[in-house]
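Asker: Residue numbers (numbering that gives the first Met the number 0), protein chains in the order written: chain A, 0 to 904; chain B, 0 to 125.
For each residue, glycine too, the CB sits at the ideal point set by N, CA and C.
Could you have a look at this structure, given as C-alpha cells, before my questions?
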Amino acid sequence: MQLLALVLASFLVTPLLVLLVRGGLSSLTAVLPAALFIGFAALLPQISGGAVVLESHQWISSLGLEFSLRLDGLALLFALLITGIGTLIFLYASRYMVGRADQPRFFAYLAMFMGAMLGAVLSDDLITLVVFWELTSLTSFMLIGYEPESEQSRRSAQQGLLMTVAGGLALLAGMIILGQAAGSFQIAEILAQGPAIADHPHAPAIIVLLAIGAFAKSAQAPLHSWLPNAMVAPTPVSAFLHSATMVKLGVYLLARFDPVFGAHAWWSVLLVCAGLLTMLTGTVLAMRETDLKRVLAYSTVVSLGTLVTLVGLPNEVAATAMVTFLLVHALYKACLFMIAGIIDHETGTRDASKLSGLVRAMPATAAVALMGGMSMAGLPPFVGFVGKELIYEAGLQSSWPWIPVGIGLLANACMVVVAGIVTVKCFFGPPGPAVGEGAHDPPLAMMLGPLMLSLLGLLFGVMPGLAAPLLGPAASSLTGQVVSPSLALWHGLTPMLLLSVLTLIVGVVAFWRWMPLREFLADRKWIETLGPDAGYDHLMSGLSRLALWQTGIVQSGSLRRYLAATFGVIAVASLATLVSQDGLAFPALDSTSFAPELVLPLLLVVASLAVLRANTFMKGIVAAGMVGFGVALVFLFRGAPDLAFTQFSVEALAVVILLAIVGHLPFHEQDPRGKSERRFDAIVATLFGSTAALILFAAVAGPFDEQLSDFFRAASVPQAHGRNLVNVIIVDFRALDTLGEITVLAVAALAAASVIACVRMESPQHEVSRARPDSLIFRVCGYVMLPAAITFSLFLLWRGHNEPGGGFVGGLIAAAGCAVYVLPRGRDTLKKLLRLSPRTIAGLGLLAAAASGIFGLVAGDPFLTHKWAFFESGLALGSALLFDIGVYLAVLGSVLTFLEYYLEA
Amino acid sequence: MEIFFVLAFGVMIGVAAYLLMSRSVLRLILGLLVFSNAVNLSIFIAGRLGSNIPPLVAAGETTIAHSANPLPQALILTAIVISFALAAYIVVLFERAYHVLKTVDTDRMRSAEPRSIDDIDKESRE
C-alpha cells in the first residue's frame, strides 16, 4: 500500500496544488515532493539491507491485470533523486515563475510529471512502465510548450513529443515481444529468469527496440536534437526534467534490463557505440553555443552518453561508476541549471559572451556556482571527482580501453570547459555589458536549491561512504549480483589520477581559448545543415507534402471518381466473394419461364437503352418515365395492384416535376465525358451490373421460405381487420417502419424548404422569370381535375384497408390534382388553395400518424397497436385510419413542397 | 421466368451506373431514376414471381390460400415514395447549384473541394 500511495500521491494532490498556487502560496507546493522524499527515505534501511519491496494490487481482474510495483536499489536511487530534487525545484519555481501567466497549470503539470516519473521507475509491469513512460513524454510536451504563442516553443515541444513518442512506440513493441518471450509481463519474473531470455531467438529484436526507445528518451545520437531545443522551456523545467530526471529514464530502462541482456553481444556493442558517439557529438556541439542553457543541455547529452556507455560496459566497476555518476551528475547539473536560471532572472540574458564579472553584484550566487562548477569539473574534494575516477577505472577495465578512455577524456575536458563557462566566465573578470542595475542575490527560495545541491556534492565528495548504502544496492540491481562499492576520495597514485590531471589540463587550456574555439566551430555551418535537427525539419515537411499528395488522389473532388471507386470496389469485392465462396447459382429454366409476360423485361431493356442514348433532356426523361411505367406494368401483371397504382402516379409526378424544375438546364447532346473516361466508366458499369445480376440470380436460385407471407395471409383479417394484405402490413404490422419512412419524406420536404428560403432571401419580390405553362386547356382542366383528384384520393384512402388503395396512393393523387391546378396559376394560388404551408401539412401528417399509436399505449399494448371500434351497421373504425390519414398528409405535404420550389425559383 | 427479369435488372443497373458516373448533372438524375426503379424491381423479384393473384382477401373470407407475396410489396411501396422524394430533393439541389455555380458539369463544381492549394488561396482572398 505504501508504494502505491507514494506513486499516486502526486496525481491525487494536484488539485490541491492548483488551489495553493492560485492562493499565492506557491512555495507550499514543495511540501508534496518533500513528503514523498521522506516516504522513500524511510524505505532506505530496508533496501540497503538487500531486500526488494514488492507490492501488487488488483487492477482489471477480468483480464488478470495487476498493478504491481517494485522497489529495489536502482528504483530507490531514482525515486530519491526525483523527489529530492523535485522539492528544491518546486521551491525554486515558486519564486522563479512569479509574474508568469498561468502558474497553476505549470505546477499541476510539474506534479503530474513527478508522479509519472515515480510510476515509471517503480513499475513492475512492462506495460505499466510504458504507460508512465508516455505520460512523462506528454507532461514534458506540455511543459516545453508552456508559452504556446512562441513558434519556437511550439516547434520544440512538437519535436520533443514526436521523437520521444516514436521511441515509445518502438519501446512498446519491444516490451510486448519481451513479455511473450519471457512468458510473463512482470519485471520481477523477467529478472528472475535472467540471462536465459538473452538466448531467445527474438532477443536481438527486443534489444534493438528497447534501445531505440531508450535512446530517444535519453537523447542519444542521432536522436539527441530535441534536448537542446527543449531549453525554450522555463528553467525549473529544464533543471528538473531535462537534466536530472526525465532524460535519465532511458538510462533507467537500459540499467533495469542489463542483468537480462548484459551478456548478449548486441547489447554491449550497441550501447557502448551509441554512448561514445553521443559523448563525441555532445562535446563538439557544446563548444559552439553561447546560450548558457544550451551549453548545459549539450553537456547533459554528453553525460547521458557516458551513462549509457557505462551501462553497456560489462564489468562490475562500470556498474558502480554508473550509479555514482548518476547521482553526481544530478546534483551538479540541477544546481548549475538553477544558477543559469538565476543569472537569467537577474540580468535578463543568458548569453555567455556578454556575461562577466557578476561576482560583485551576486557574491553568494557566485560562491554556490563555483562549488557546483568544481563538482562538474571533477575537482577534489567534490563528489564529481569520485565519479570521474570511477568512470576512468571502468574504461580502463574494458576490452579496448583506449577508445572509451580517450573519448571519456575529451568528454570530461568538455565538462571542465562548460563548468568554466557557467562559473568563471560569468562571475569573474571585468564587469561585462550585461551587468546592469538591480542585479543582486536572489531570494532564499531560489538560492536554497543550488546551495543544498552543491553542499551535498561537497559532503559526498569528502565522505563518499555516506552514499554507499544507497549506491551499493543500486549497482547490485545493475549487475544482478551483490556489489559493495569502494568509494573513496583518494585511491593512491593510480592511472585514473593521471587521467584526471590530464583532463584538467586539457580542459583548462580549452577554456582559456574558448572564444576562438567557439567561433571556429560555429563557423562550420555544415555541422548544422547536415545535422539531425535539419533532418527533422526535412522529415516533417516531407510528411506534409506526402499527405497533401495522397489526399489529392483519394479525395480528388470529382464526384465521378468517387462513384467509380464505390461501384468498382463493391463489384469486385462481391464478385470475388461469390466466386471464391462458391455462391454462384442460377434458377432453373423451365416451361413456366416462357410466357407472354416476357415482353416486359424486353420493354425494360429497350427503355433503359433509350435513356442511355437520349440526346435531349426531353427524350431522356420520357425514356426514364418509360422505364418506370415498365416496372409499373410488371407490378400490375404480377399481382401487385397497390404498387402499380403508386408507381404510375409517382412516375407521372416525377416526369412533371423534373421537367418543371430542371428542364431548362443545358443538356449536352453528347455526354461531356472524354472518350477514355467513357470507356472506363462503361467497364465499371458493366462490371457492376453483372455483379448485381449474379447476386440476384444466386438469391433467387435458392428455395423460398413462405413462413412470413403465410402468417400475413392468415393473420391479416382476424387480427388487423383488413383484407388488403399490403396495406395491413404497412399500416398495422410494420407501422413503426412506415412512421420512420414518412418522417424521411417530411425531412426531405424540410430540406427543400430550406433551399426555398434561400431563394426567397435572395430576391424577396422577384417575379418568376421563367415562363409558366399557361394555356386555356390546362387551366380549365385544373378546375375539373382538382376536385376529382381530391375526391378520388379520399376514396382510395378510405377503402385502402380492404381494397387496393391507401394513404400513399391517395396522397400522390391528391398532389397530382393540386399540381395540375396550381401550375398554370402560380405560387399565390398554392397559398390560397392550401391555406397552410405544405410543411405544416406534412407535419400534421406526422402528428396524426404518431397519435394513432397512442391508442395502443393507453390500452396497455405496445405503441402503434391499432384499436378498433365496431358499430352495429357493420362499420369498423380503427386507429389504422388515422395512421393512413397521417401518411396521406405527409405525402401530400412533401410533394407540394417540391412543387412550391418550382413556383418560387 | 425470373431469369429474364434478372437479366433486365442487370441491364438497368449497368445503364444506371454508367449514367450516374456522368459529369453532366442531368444525366446523373436520369441515372438515379433508373437506379431506383431497378432496385425496387430487384426486391420484387427476390420475393419470387410465383402467383400473380393480388394479395387481397375476398369479402367475407378470412384468409387467402395462394397469392403474390405481400411482404416485398409492402416494402417496395414505401421505397417508391421515398426514392421519389430523394430524387426530387436532388433535383432541387442541382437546380440551385446551377443557379449559383453556373455549370452543370460536376467536375467544375469546385467550391467545396478546390483543385489545389492555389484555388483555396484564391477563394480566401475573394
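(1) With burial defined as no fewer than 16 other Cβ atoms inside 10 Å of the residue's Cβ, what is the status of Asn614 of chain A: buried or exposed?
(2) Could you have a look at Ile189 of chain A and say whether DSSP puts it in helix, strand or coil?
(3) Give me the residue from A:Cys780, A:Gly810, A:Gly852, A:Phe585 with the minimum Cα distance to Gly701 of chain A.
(4) Out of A:Ser607, A:Gly859, A:Arg834, state which residue places its alpha-carbon closest to the alpha-carbon of Ala7 of chain B.
(5) In this structure, does DSSP put Val626 of chain A in helix, strand or coil?
(6) Indicate whether at least one CB of chain A lies closer than 8 Å to the CB of Leu100 of chain B.
(7) Using the Cβ count rule (16 or more neighbours within 10 Å means buried), how would you classify Met617 of chain A?
(8) Would you report the Cα separation of Glu518 of chain A and Arg287 of chain A, rounded to the nearest angstrom?
(9) Name the chain A residues that come within less than 8 Å of Ser41 of chain B, Cβ to Cβ?
(10) For Glu740 of chain A, go through chain B and note every residue whose CB falls closer than 9 Å to its CB, in chain order.
(11) Under 7 Å between beta-carbons, which chain A residues line up against Ser21 of chain B? List them in chain order, please.
(12) Rounded to a whole number of angstroms, what is the C-alpha to C-alpha distance between Leu588 of chain A and Leu695 of chain A?
(13) Please say whether Leu121 of chain A and Leu80 of chain A have beta carbons closer to each other than 8 Å?
(14) Determine the direct distance from the alpha carbon of Thr244 of chain A to that of Ala100 of chain A, and round the result to whole angstroms.
(15) Is the Cβ-Cβ distance between Ser913 of chain A and Asp532 of chain A less than 8 Å?
(16) Would you check if the distance between the CB atom of Ile196 of chain A and the CB atom of Val97 of chain A is smaller than 8 Å?
(17) Report back the beta-carbon spacing between Ile338 of chain A and Val421 of chain A to the nearest angstrom; my notes put them in contact at under 8 Å.
(18) Assign Trp58 of chain A to one of three DSSP states: helix, strand, or coil.
(19) What did DSSP end up calling Gly806 of chain A once you bin it into helix, strand or coil?
(20) What residues are listed by DSSP as bridge partners for Ser122 of chain A?
(21) Could you spell out the range, first to last residue, of the beta strand (DSSP E) harbouring Gly877 of chain A?
(22) Name the chain A residues that come within less than 9 Å of Phe8 of chain B, Cβ to Cβ?
(23) Taking the C-alpha atoms as reference points, what is the distance between Leu835 of chain A and Gly13 of chain B?
(24) Does the Cβ-Cβ distance between Gly629 of chain A and Leu657 of chain A come in under 8 Å?
(25) From Ile75 of chain B to Val808 of chain A, what does the alpha carbon distance come to, in whole angstroms?
(26) Against chain A, with Cβ distances strictly below 8 Å, would Phe93 of chain B count as a contact?
(27) Find the residues of chain B that neighbour Leu558 of chain A, judging by a C-beta separation of less than 7 Å, and give them in chain order.
(28) Please state the DSSP three-state secondary structure of Leu55 of chain B.
(29) Residues in the same chain with beta-carbon distance under 6 Å from Leu276 of chain A, minus the five sequence neighbours each way, listed in chain order, please.
(30) Secondary structure at Asp290 of chain A, three-state DSSP: helix, strand or coil?
(31) Use the C-beta contact count for Val271 of chain A: other C-beta atoms within 10 angstroms, 16 or more gives buried, fewer gives exposed.
(32) In the DSSP assignment, find the unbroken alpha helix (DSSP H) run with Trp225 of chain A in it and report its ends.
(33) Among the residues of its own chain, which have a CB less than 6 Å from the CB of Thr163 of chain A, if the five just before and after it don't count?
(34) Using a Cβ-Cβ cut-off of less than 9 Å, list which residues of the stretch 43-61 of chain B approach chain A; keep chain order.
(35) Quick one: measure Cβ to Cβ for Gly193 of chain A and Gly479 of chain A, integer angstroms, because I've assumed they're closer than 8 Å.
(36) State yes or no: is the beta carbon of Asn723 of chain A nearer than 8 Å to at least one beta carbon in chain B?
Answerer: By the coordinates alone:
(1) exposed
(2) helix
(3) A:Phe585
(4) A:Ser607
(5) helix
(6) no
(7) exposed
(8) 7 Å
(9) Ala691, Leu695
(10) Thr77, Ala78, Val80, Ile81
(11) Asp670, Arg672
(12) 15 Å
(13) no
(14) 25 Å
(15) An answer regarding residue 913 of chain A cannot be provided, because it is not within the stretch 0 to 904 covered by chain A.
(16) no
(17) 7 Å
(18) strand
(19) helix
(20) A:Leu68
(21) 875-877
(22) Pro600, Leu603, Gly688, Ala691, Ala692, Leu695
(23) 43 Å
(24) no
(25) 13 Å
(26) yes
(27) Thr105
(28) strand
(29) Ala220
(30) strand
(31) buried
(32) 225-228
(33) Ser136, Ala215, Lys216
(34) Phe43, Ile44, Ala45, Gly46, Arg47, Leu48, Gly49, Ser50, Asn51, Ile52, Pro53, Pro54, Leu55, Val56, Ala57, Ala58, Glu60, Thr61
(35) 7 Å
(36) yes
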